[in-house]
Amino acid sequence: MTISKLLDQRLSRAMQAAGIADTFPAVIKPSGRPEFGDYQANGIMAAAKAVKTNPRELATRVLEQLELDDVADKVEIAGPGFINIHLKNSWLARQAKALLTADSLLEKTASPETIVIDYSGPNLAKEMHVGHLRSTIIGDAVARTLDYLGHTVIRQNHVGDWGTQFGMLIAHLIEQPDHERDVQLADLETFYRQAKIRFDEDEAFAERARHFVVKLQAGDPECLQHWQQFIAVSLQHCEEVYNKLNVLLTRADVKPESAYNKDLPGIISTLDARGLLTRDEGALCVFLEEFKGKDGNIVPAIVQKSDGGYLYATTDLAALQYRQQVLQASRILYFVDARQSLHLNQVFSIAKKAGFVKPSTSLEHMAFGTMMGKDGKPFKTREGGTVKLVDLLGEAEQRAFQLVTRKNPELDETERQHIAHIVGIGAVKYADLSKNRTSDYIFNWDTMLSFEGNTAPYLQYAYARISSIFRKAEVVDTQADIQLHQAAEHQLALKLLQFSDAVHSVASEGSPNLLCNYLFELSGNFMTFYEACPILKADDAVRDSRLQLAQLTANTLKTGLELLGIDVMERM
RNA sequence: GCACCCGUAGCUCAGCUGGAUAGAGUGUCGGCCUCCGAAGCCGAAGGUCGCGCGUUCGAAUCGCGCCGGGUGCGCCA
C-alpha cells in the first residue's frame with residue numbers, strides 16, 4: 004500500500020465520521036514545502052464550501068476523528084483549511100525496510116489487462132531518422148512499465164512496407180547493375196533519395212515506377228522478390244537501431260501494413276453492411292457527424308479510392324479489428340505523431356461504430372509533438388534532409404567516450420567503450436523521455452547529448468556512487484534496521500516510498516517523463532543525503548542503516564531506469 | 001474557412017483530478033575536493049505564467065474571446 008493510498012483511506016474515513024459525504028475526496032498530495040509536512044490533504048475546503056461551513060472548523064472536526072498516530076507525529080491545520088501531515092521517522096523507516104526486503108518495489112496491478120502498444124512503426128522505404136525516436140523510445144518505456152505492473156503487453160510494430168514508394172525503389176533498383184545492388188542498399192537513405200529525385204524529375208521513370216506498383220500489388224514474382232529484398236535490408240537496419248537503443252522490439256513484433264491486405268475488402272463490406280459508406284466523387288467515404296466543424300462541413304475519411312485502391316485508414320481499421328478479435332486487447336495505445344490525430348480519431352470512431360472493436364475497449368492516441376529545428380520551424384538539416392538515427396547514436400557514444408576517457412583515464416579501453424555506450428544512449432533516450440509528450444520539441448545536438456544536470460548520466464552517476472560505496476564497505480549487515488535522524492535521511496526515505504506512485508502514473512498517462520521527474524528527484528535527494536550524511540564513517544548502527552538506504556536507492560534507480568530502457572553500470 | 005496541439009526565468013523544460021511564497025536544469029555570479037567518485041554539492045540573481053474577461057474562498061491549471069507559433073483537413077502514408 005502506498006503512502007498516499009493509506010493517507011487517503013484514513014482521511015476519507017475521518018471525513019465521513021465527521022459527517023462529510025463520501026463523494027468528497029480527501030485530495031492527498033505531497034506537500035509543496037518542508038514546513039508543510041510530508042503530505043497535505045486539500046479536500047476539506049471543497050467539502051466545507053458545499054455544506055457552507057467554515058473550513059478550519061470542519062478540519063478541526065475531521066482531526067478529532069482522524070486515527071493517524073501510528074504513522075504521523077504531527078498533523079496540523081494550516082492556512083484556509085489545509086491539513087498538513089508530518090510522518091514519523093520510525094514509521095517511514097519501517098516502511099523503507101519492508102520495501103527493501105520485499106520481492107518487488109511495488110504491488111502489481113489488481114486488474115491485469117491485455118494491452119496492445121503500437122509504436123515505432125518506421126517506413127521501410129527509408130532508414131530510421133531522429134523523427135522516429137520519440138515513438139520508439141516512449142512506446143518502449145510504456146510497454147516495459149505496463150509489463151512490469153503485471154499487464155499482458157503485446158507490442159505491435161506497424162511498419163510501412165506497402166505503397167507507392169516501393170514501386171519507385173524497385174524501378175531504381177532494377178536499373179542498377181547487378182553487382183552494385185547490395186552496395187547501394189547498404190545506404191538505404193541515399194538510395195531512396197536518388198530514386199525520389201528521378202521520380203520527381205523524370206516522367207518516364209515515374210511512369211515505370213507506377214507500373215511496378217501495379218505489378219507488385221498483382222503479385223508479380225520478380226517484383227515481390229525485389230520488394231522482399233528491400234524489406235529484409237530495411238528491417239535489418241531497424242533491428243540494428245533497436246539493438247543499439249536497447250529497445251525490446253523484435254522481428255516477432257513486426258506486423259506490417261501488408262499483413263492486412265487480404266482483410267481490406269472485408270472491412271469495406273462490413274462498413275457497407277453497417278450503412279456507414281457514402282460514395283462521393285467516386286471514392287468510398289465515411290462521414291461522421293462528430294467531425295463536423297462550425298462551418299457545417301464534415302471531414303470525411305476515405306476508405307477506398309475511386310480506382311479501387313485502399314488507403315491507410317482502411318489498413319488501420321483492419322489492424323484494429325485484428326487487435327480486438329485476435330489479440331483480445333482491452334486497451335490499445337498508439338504512440339504516433341500528433342499530426343495523425345484527426346486521422347486516428349476518425350479511425351477510432353469508425354471502428355467503434357462498425358463494431359471492429361468493443362465499446363469497452365479503450366483506444367488511446369498517445370500523441371507527441373513535431374520535431375523542430377533551432378529556429379522553431381520544422382526540423383531539417385542544412386541539406387534539407389533528416390538526421391539518421393544511427394548517426395545520432397554514434398555521435399552520442401563518441402562524445403561519451405571522450406568524456407569518460409577524460410574523467411577516468413585509468414579504465415581500460417574496452418570498459419570505457421562499454422560505459423560510453425550506456426551513457427551515450429542513455430543520454431539520448433532520457434532527453435526525449437524526460438519531456439512532456441504533447442508539446443513540440445526542438446532538436447538540438449547539444450541538449451540531446453548533454454551529460455550534466457537533469458540527464459540520464461546524472462542518475463547513472465548516483466548509481467555508480469552507491470556501487471562505489473559498496474565496493475568499499477567490507478561488511479554489510481543486511482538484517483539491520485533503518486533509522487532516520489537527519490532531514491536528508493527523512494526526505495530520501497520518503498521519496499523512495501513514492502516509487503510506486505510514479506510508475507502507476509506512467510501506466511495511466513502513457514508519459515514516462517513522470518518517472519523521469521521522480522528518478523531525478525530521487526537522485527537529488529540521494530546526492531544531498533550523500534553530502535550531508537557520512538555513510539562508511541558513521542557508527543555501526545547508523546552506518547548499517549545508511550547502507551541500507553543506499554541499497555534501496557540503488558535498487559530503485561536501477562529498476563526505474565530499466566523501465567525507461569536505460570542501463571546502469573557499477574563505475575563510469 | 002474549419003479542427004487539434006502549444007505559449008511558464010536569457011535558453012530547454014516540470015508543474016499530477018484548481019490550493020499556500022510558480023519549480024528544475026542550463027547559462028551568469030559566489031562558495032565547497034588533506035574528507036565514502038566535483039558527470040557532484042551549497043548559495044545568489046533571474047518570471048506581468050501570451051493578453052483580456054469570467055467561474056471560485058483560491059486559477060499557470062477550468063470556461064469564453066482575442067494575439068502569436070506549430071500541425072492537420074477526399075482519393076500519399
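Every position in the first sequence, counted from 1, becomes a number in my numbering once 3 is added.
We treat Cβ as the ideally placed atom computed from N, Cα and C, and that holds for glycine.
Expected contact under 8 Å - CB spacing of residue i and residue j to nearest Å
i	j	result
Val-145	Pro-515	6 Å
Tyr-263	Ala-354	About 13 Å; that fails the 8 Å criterion.
Ala-557	Ile-469	4 Å
Leu-280	Ala-357	Wrong, their Cβ atoms sit about 10 Å apart, outside the cutoff.
Met-369	Tyr-444	Going by Cβ atoms, the distance from Met-369 to Tyr-444 rounds to 15 Å, so no, they are not a contact pair.
Ile-140	Gly-568	7 Å
Val-306	Leu-274	6 Å
Ile-234	Asp-164	5 Å
Asn-92	Gly-40	Their Cβ separation, rounded to whole angstroms, is 13 Å, which puts Asn-92 and Gly-40 out of contact at 8 Å.
Gln-19	Asp-25	6 Å
Tyr-151	Leu-555	So it is not a contact: roughly 17 Å between Cβ atoms.
Straight-line gap, residue i to residue j (C-alpha atoms, nearest Å)
i	j	result
Thr-167	Asp-310	14 Å
Thr-112	Ser-261	35 Å
Arg-334	Gly-82	42 Å
Pro-224	Ala-276	35 Å
Ser-352	Ser-138	23 Å
Ser-237	Ala-49	58 Å
Gly-427	Glu-398	8 Å
Phe-404	Pro-268	54 Å
Leu-14	Phe-502	22 Å
Val-407	Met-451	17 Å
Val-545	Lys-498	19 Å
Val-162	His-493	49 Å
Val-30	Leu-525	23 Å
Ala-96	Tyr-521	20 Å
Tyr-543	Asp-106	The amino acid at residue 543 is misidentified as Tyr; the sequence shows Asp. Asp-543 and Asp-106: Cα-Cα distance of roughly 26 Å.
Arg-326	Thr-317	14 Å
Ala-17	Arg-64	9 Å
Val-393	Ala-423	15 Å
Leu-314	Leu-287	11 Å
His-240	Lys-391	11 Å
Ser-34	Gln-349	42 Å
Asp-547	Ile-538	8 Å
Gln-343	Asn-45	39 Å
With 16 other Cβ atoms within 10 Å as the buried cut-off, status of residue i
i	result
Ser-272	exposed
Leu-149	buried
Pro-412	exposed
Trp-448	exposed
Val-54	exposed
Val-478	exposed
Gln-331	exposed
Ala-207	exposed
Thr-364	buried
Gly-22	exposed
Ser-114	exposed
Val-186	exposed
Ala-434	buried
Arg-147	buried
Val-578	For residue 578 there is no data in the structure shown, the boundaries of the chain being 4 and 575.
Ala-189	exposed
Ala-228	The displayed chain sequence assigns Gln, not Ala, to residue 228. So Gln-228 counts as exposed.
Gln-482	exposed
Bridge-paired residues (DSSP) for residue i
i	result
Ala-81	Phe-85
Thr-117	Thr-155
Lys-52	According to DSSP, which records beta bridges pairwise, Lys-52 is partnered with nothing at all.
Ile-31	Ala-44
Lys-295	Ile-301
**Request:** Output the residue ranges of the alpha helix (DSSP H) runs that lie fully inside the segment 346-410 and measure 4 residues or longer, sorted by chain position.
**Result:** Listed in chain order, they are 392-410.
**Request:** Please specify which runs of the alpha helix (DSSP H), each continuous and at least 4 residues long, are wholly inside the segment 239-278, giving them in chain order.
**Result:** Those alpha helix (DSSP H) runs which fall completely within the segment 239-278 and span 4+ residues are 267-276.
**Request:** Quick one: which unbroken alpha helix (DSSP H) runs of 4-plus residues sit fully inside the segment 447-524? Chain order, please.
**Result:** 448-451, 459-475, 490-499, 502-512
**Request:** Could I get the ranges of all uninterrupted alpha helix (DSSP H) runs contained in the segment 528-570, with 4 residues as the minimum, in chain order?
**Result:** 543-566
**Asked** Can you list, in chain order, the stretches of the beta strand (DSSP E) that have 3 or more residues and sit fully within the segment 153-202?
**Response** 155-159
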